[in-house]
Every structure is written in C-alpha cells, then in structure tokens.
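K.L.:
Here's a structure for you.
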C-alpha cells in the first residue's frame with residue numbers, strides 16, 4: 061500500500077507502541093483492580109457514524125493518487141464551508157453505515173491525471189480497512205470507491221472559479 065509520507069501513519073505507530081492492544085467494542089470492558097487482576101464491568105461502547113467517516117476520510121487522503129474527496133458540487137460547497145469555518149471537513153465524500161460489529165463505506169474520490177485508478181482504489185480499500193478496523197475494532201465488510209473526476213494539473217480548480225473575473 062502506498063501513502064503520501066515515507067513514515068507509517070500515526071494510527072499504526074500508536075498501535076505498535078501499545079503492542080497489539082485493540083480498542084474494545086464489545087459490551088464488556090476490563091478494569092484493573094489490583095496487580096495483574098482485572099474485573100469485568102458492564103458497559104457498551106458505541107461508535108458514531110461520523111467517527112468512522114472521519115477515520116475513512118483521513119485514511120483515503122493518505123493514499124498516493126487521491127487528489128480530493130467528493131463530487132464537483134460537494135467539493136464546491138465544501139470549499140466555501142472550509143473558508144468560513146477555516147477547517148477541513150474530513151468526512152466530505154464519505155458515507156458510512158455502522159452496525160454493532162460491522163461497517164460499510166462509500167467513498168467519492170478525485171484522482172490525479174496519470175494515476176492507475178484500479179491500483180489506487182485497491183490501495184484506498186487497504187488503507188481504510190486497516191485504519192477503521194484497527195482504531196474501532198469494527199469489521200469493514202464493504203468499501204465502494206466511486207471515482208468522480210480526474211484532476212489535471214494546471215487547470216483551474218473549482219475554488220478558483222468561485223473567485224470571479226476580477227482580483
């Protein structure tokens with residue numbers, strides 16, 4: 061799998077540091093009650109759809125060849141929203157369905173011109189599956205990658221077109 065940086069993504073580094081510890085998504089959590097002893101306590105961990113969408117969006121953007129997320133209208137509205145709020149929407153172009161133990165994900169992406177699309181889609185699936193399963197403990201059962209556009213370097217982006225004729 062190819063990612064933008066030469067180093068491992070932060071979520072993988074933290075997992076290695078924890079030596080294989082996995083977040084618990086089951087109804088029972090373990091609480092340490094003394095030296096080497098654990099007591100099971102009742103409780104339920106719920107993971108919001110938006111959490112899974114954020115993880116999937118960030119993992120998708122790390123893949124080489126992905127230029128942007130979302131379709132044309134989504135990107136245009138998102139660009140205006142980003143300017144107003146001064147933050148990135150990591151869930152743009154991401155739709156998820158989250159159950160108690162499984163997640164299904166739909167991704168709308170824009171790839172760079174010259175990108176091998178099938179290979180990039182495979183890399184996206186691998187990156188997103190690894191990130192979501194490691195961080196949430198949910199089983200990813202499906203990832204649909206919808207390539208909505210190809211970015212050609214040198215062409216004006218949707219954001220530049222919104223600025224009008226006069227600068």
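Residue numbers (the working numbering): 61 to 227.
Glycine residues also receive a C-beta, built at the ideal position from the N, C-alpha and C atoms.
Being a predicted model, the structure only gives us computed values, none of them experimental.
#1: In its own chain, which residues sit with a C-beta less than 8 Å from the C-beta of residue 118, not counting the 5 before and 5 after it?
#2: Hey, how far is the Cα of residue 111 from the Cα of residue 184?
#3: Please report the distance separating the alpha-carbon of residue 162 from that of residue 175.
#4: Give every residue of the same chain whose Cβ lies closer than 6 Å to the Cβ of residue 209, excluding the five residues on either side of it in the sequence, and list them in chain order.
#5: Just to confirm my understanding: we take residue 76, look at its own chain, exclude 5 residues before and 5 after, and list those with CB closer than 7 Å. What are they?
#6: Write down the C-beta distance between residue 158 and residue 107 rounded to the nearest angstrom, noting that I regard them as a contact closer than 8 Å.
#7: Identify the continuous alpha helix (DSSP H) that holds residue 172 and give its terminal residues.
#8: Taking the C-alpha atoms as reference points, what is the distance between residue 123 and residue 160?
#9: Determine the burial state of residue 113: buried for a count of at least 16 other Cβ atoms within 10 Å of its Cβ, exposed for fewer.
#10: So who's on the other strand from residue 129, going by DSSP bridges?
#11: Less than 8 Å between the CB atoms is what I'm expecting for residue 177 and residue 116, so what's the real figure, rounded?
#12: Please state whether the Cβ-Cβ distance between residue 195 and residue 168 is less than 8 Å.
#13: Looking at C-alpha atoms only, which residue of 200, 101 and 186 is the closest neighbour of residue 121?
#14: Could you spell out the range, first to last residue, of the beta strand (DSSP E) harbouring residue 156?
#15: In the DSSP output, what is residue 150 paired with across the bridge?
P.N.:
Straight from the coordinates:
#1: Along the chain shown, read from residue 1 onward, the residue named residue 118 stands at position 58. Correct list, in chain order: 150 and 191.
#2: Within the chain shown, residue 111 is the residue found at index 51, counting from 1. Within the chain shown, residue 184 is the residue found at index 124, counting from 1. Distance between the alpha carbons of residue 111 and residue 184 is about 18 Å.
#3: Here residue 162 is taken as the residue at index 102 of the chain shown, counted from 1. Here residue 175 is taken as the residue at index 115 of the chain shown, counted from 1. Between residue 162 and residue 175, the C-alpha separation is close to 31 Å.
#4: To locate residue 209, count along the chain shown from 1; it is residue 149. Correct list, in chain order: 170.
#5: Taking the first residue of the chain shown as 1, we reach residue 76 at position 16. Note that residue 76 has pLDDT 45, beneath the 50 cutoff, so the model's placement of it is unreliable and the number below is only indicative. Hits under 7 Å: none found.
#6: Residue mapping note: residue 158 aligns to position 98 of the chain shown, counting from 1. Residue mapping note: residue 107 aligns to position 47 of the chain shown, counting from 1. So it is a contact: roughly 6 Å between Cβ atoms.
#7: For the purposes of this step, residue 172 is identified with residue 112 of the chain shown, where counting begins at 1. Run containing residue 172: none in the alpha helix (DSSP H); it sits in the beta strand (DSSP E), 162-172.
#8: Locating residue 123 in the chain shown gives position 63, where the first residue counts as 1. Locating residue 160 in the chain shown gives position 100, where the first residue counts as 1. Their Cα atoms are separated by approximately 28 Å.
#9: What you label residue 113 is simply residue 53 of the chain shown in a count that begins at 1. With 16 or more Cβ atoms within 10 Å of its Cβ, residue 113 is classed as buried.
#10: Position 69 of the chain shown, counted from the start, is the residue given in the question as residue 129. 169.
#11: Taking the chain shown and counting its residues from 1, one reaches residue 177 at position 117. Taking the chain shown and counting its residues from 1, one reaches residue 116 at position 56. Rounded, the Cβ-Cβ distance is 19 Å, inconsistent with contact.
#12: Reading the chain shown from its first residue, position 135 is the one you call residue 195. Reading the chain shown from its first residue, position 108 is the one you call residue 168. Not closer than 8 Å, so no.
#13: Residue numbering aside, residue 121 sits at position 61 when the chain shown is read from its first letter. It is 186.
#14: Residue mapping note: residue 156 aligns to position 96 of the chain shown, counting from 1. Per DSSP, residue 156 belongs to the beta strand (DSSP E) from 154-158.
#15: As a position in the chain shown, residue 150 is number 90, starting the count at 1. Answer is none; residue 150 lacks a bridge partner.
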